[in-house]
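Residue numbers (this note's numbering): 92 to 289. As structure tokens, the structure follows; a few thoughts come after it.
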């Protein structure tokens, strides 16, 4: 499970929308892959930043539809140092994704303070990279090797429903159940050599 913070700033001028979003999560993730055991509660950090441009179309006095497109960057880093302590070797695994979000949301003001927004989004995967930083934990924690593997194909899907309360002119509070899904094609493989002298 991961915990974190998310922040955003939206500006609308003459029906055109500009929005900046940022997310930072920390916690534990479960990993599984072909040919290796499942690893639970692996220490991880997730960062994501997005810039969105869209058109804000009034449907009625209290309802709006906003279509948008933008650019996004996502980085996930996980540490496996304690999982392989029997051989004194561990590694950091870092995922970097660049993508284009395309989406639409529908929002409605229920009264002066309460509103809700439903969002659906498709993410076009542009490119990505997995970096393995292999560490030797038997001595000084030195770096043994770094391996970079490119990822080229994939997509993402998102959906959410948000309930929001306007506290004052500058602050609002929201509750937002959401689903985020990534489907990334299998990356290339490579070998990492480890030699420990006596």
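Positions of the beta carbon are idealized from the N, C-alpha and C atoms, including for glycine. What you are looking at is a predicted structure, and each value in this text was computed from that prediction instead of being measured.
Self-check item: Status (buried if at least 16 other CB within 10 Å, exposed otherwise) for residue 143
Solution: Here residue 143 is buried. Its C-beta has 16 or more other C-beta atoms within 10 Å.
Self-check item: Reference residue 205; option with closest CA among 220, 225 and 253
Solution: Restricting attention to 220, 225 and 253, the CA atom closest to the CA of residue 205 is found in 253.
Exercise. State the start and end residues of the unbroken beta strand (DSSP E) segment that holds residue 290.
Key: In the structure as shown, the chain begins at 92 and stops at 289. Residue 290 is therefore absent and cannot be evaluated.
Practice problem: Determine the direct distance from the alpha carbon of residue 141 to that of residue 114, and round the result to whole angstroms. | Solution: 9 Å
Quiz item: In whole angstroms, what separates the C-alpha of residue 191 from that of residue 255?
Solution: Each residue's Cα considered, the two are about 26 Å apart.
Quiz item: Do residue 270 and residue 199 come within 8 Å of each other at the CB atom, strictly closer than that value?
Solution: no
Self-check item: Length of the line joining the Cα atoms of residue 241 and residue 220
Solution: 5 Å
Quiz item: residue 196: buried (16+ other C-beta within 10 angstroms of its C-beta) or exposed?
Solution: buried
Quiz item: At which residues does the beta strand (DSSP E) containing residue 256 begin and terminate?
Solution: 245-257
Quiz item: Pick from 150, 202 and 264: whose alpha carbon is nearest that of residue 99?
Solution: The shortest Cα separation from residue 99 among 150, 202 and 264 belongs to 264.
Quiz prompt | Assigned secondary structure, residue 92 (DSSP; H/G/I helix, E/B strand, else coil) | solution = coil
Practice problem: Please go through the same chain and pick out, in chain order, the residues whose beta-carbon is closer than 6 Å to the beta-carbon of residue 121, but skip the five residues on each side of it. | Solution: 131
Quiz item: Can you pull the DSSP bridge partners for residue 183?
Solution: 170 and 224
Quiz item: Quick one: what does DSSP say residue 150 is sitting in, helix, strand or coil?
Solution: coil
Practice problem: Check each candidate in 266, 134, 215 and 156 and name the one with the smallest Cα separation from residue 97. | Solution: 266
Self-check item: Residues sharing a beta bridge with residue 271, DSSP
Solution: 249
Practice problem: Alpha carbon to alpha carbon, how far is residue 225 from residue 146? Give it in angstroms, no decimals. | Solution: 46 Å
Quiz item: Does DSSP put residue 276 in a helix, a strand or coil?
Solution: coil
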